[in-house]
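Asks: Please find one structure pasted underneath; my questions will follow.
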Amino acid sequence: MKTVIIVQARMTSMRLPGKVLKTVLGKPLLEYQIERLRRMKLADEIVIATTTNDTDQPIVDFCNRLDLPFFRGSEDDVLSRYHGAAVQYKADVVVRVTSDCPVIDSMLSDKAISCFFNPNNNYDYLRLFQYPRGLDTEVFTFKALEESYFEAIEKPEREHVTPFLYKHPERYKVKYMNPSEDYSHHRWTVDTLEDFELVKRIIEELYPIKKQFDFVDILDVLAKNPEWYYINDEVRQKEYGE
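The sequence shown begins at 4 in my numbering and counts up one residue at a time.
Here's what the structure looks like:
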């Protein structure tokens, strides 16, 4: 069973264009994410899924610099982009992450894959739930992805990749993996300038002393700097259907 992490990435974000290549300490945010994903033990390959637009050539150049496999597909039909990447790189299981999560926790994502592969579970789809936004990880079978690709009709289902799966629990065995307490009020993804400012402070504080910092380390830093929480607390996440 080949497990492939597919990272969707593009330069034309509506709220913060070019965000994935914005730099902190001289390094693009996407490079921090790739560093962290490369520490995962339960995935076989990392693939960047970008678009065929000329505006995304910088992402292709980034992939070439880091010797990263990539796939170019539709900008709006992200489901087809995922399917194309999964087919090209022969994925049996897909791990979906988005490129706006530079402080993703590799150990936590590995834990999600481990839970997915537990032979007692037999899941079709698993996602982290009630963790801080920015640690988002989804795991699903290629079979489920392919069925979605052929059957999903609604525009949000094509744009957000996985709604077809979790909207049909009668058809797919779905698992929401929760922490011991709800951390979902934390927002460590990068979609706005306010988000970038918070993540920039987190990286500047932790990366020079502990490159492999995890989400508990981030919680500790925020506990010591509680005012940081308010930097992006008014930013509203775009949800399915918007």
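Just so it is clear, CB atoms sit at the ideal spot from N, CA and C, and this is done for glycine as well. Predicted model, so just to flag it, every value in this text is computed and none were measured.
Taking DSSP's pairing of strands, which residues face Thr15 in a bridge?
Replies: Your numbering for residue 15 matches position 12 in the sequence shown. Bridge partners of Thr15: none, in fact.
Asks: Just to confirm my understanding: we take Pro61, look at its own chain, exclude 5 residues before and 5 after, and list those with CB closer than 7 angstroms. What are they?
Replies: As a working mapping, residue 61 is identified with position 58 in the sequence shown. Closer than 7 angstroms at Cβ, skipping near neighbours: Met14, Leu24.
Asks: If you reduce the DSSP assignment to three classes, tell me which class Pro172 lands in.
Replies: By 1-based counting over the sequence shown, the position of residue 172 is 169. Coil at Pro172, not helix or strand.
Asks: State yes or no: is the C-beta of Arg190 within less than 7 angstroms of the C-beta of Arg136?
Replies: Looking up residue 190 in the sequence shown gives position 187. Looking up residue 136 in the sequence shown gives position 133. Closer than 7 angstroms, so yes.
Asks: With the cut-off set at 7 angstroms, would you say Gln36 and Thr101 are in Cβ contact?
Replies: Counted from its first residue, the sequence shown places residue 36 at position 33. Counted from its first residue, the sequence shown places residue 101 at position 98. No, these two residues do not count as a Cβ contact at 7 angstroms.
Asks: Counting along the chain, where does the alpha helix (DSSP H) carrying Met110 start and finish?
Replies: Taking the first residue of the sequence shown as position 1, residue 110 is located at position 107. Looking at the DSSP string, the run of the alpha helix (DSSP H) that includes Met110 is 109 to 120.
Asks: Residues in its own chain within less than 7 angstroms of Lys93 by CB, not counting five upstream and five downstream?
Replies: As a working mapping, residue 93 is identified with position 90 in the sequence shown. Around Lys93: Lys5.
Asks: Could you tell me the distance, in whole angstroms, from the CA atom of Leu71 to the CA atom of Tyr232?
Replies: In the sequence shown, residue 71 corresponds to position 68, counting from 1. In the sequence shown, residue 232 corresponds to position 229, counting from 1. Roughly 34 angstroms between the two C-alpha positions.
Asks: Between Lys176 and the rest of its own chain, which residues show a CB-CB distance below 7 angstroms, the 5 nearest in sequence each way excluded?
Replies: One-based indexing of the sequence shown puts residue 176 at position 173. The residues are Asn125, Tyr126, Asp127.
Asks: Would you kindly work out how many angstroms separate the C-alpha atoms of Thr234 and Pro105, rounded to a whole number?
Replies: If you number the sequence shown from 1, residue 234 lands on position 231. If you number the sequence shown from 1, residue 105 lands on position 102. For the sequence presented, residue 234 should be read as Ile rather than Thr. If you take the alpha carbons of Ile234 and Pro105, they lie about 17 angstroms apart.
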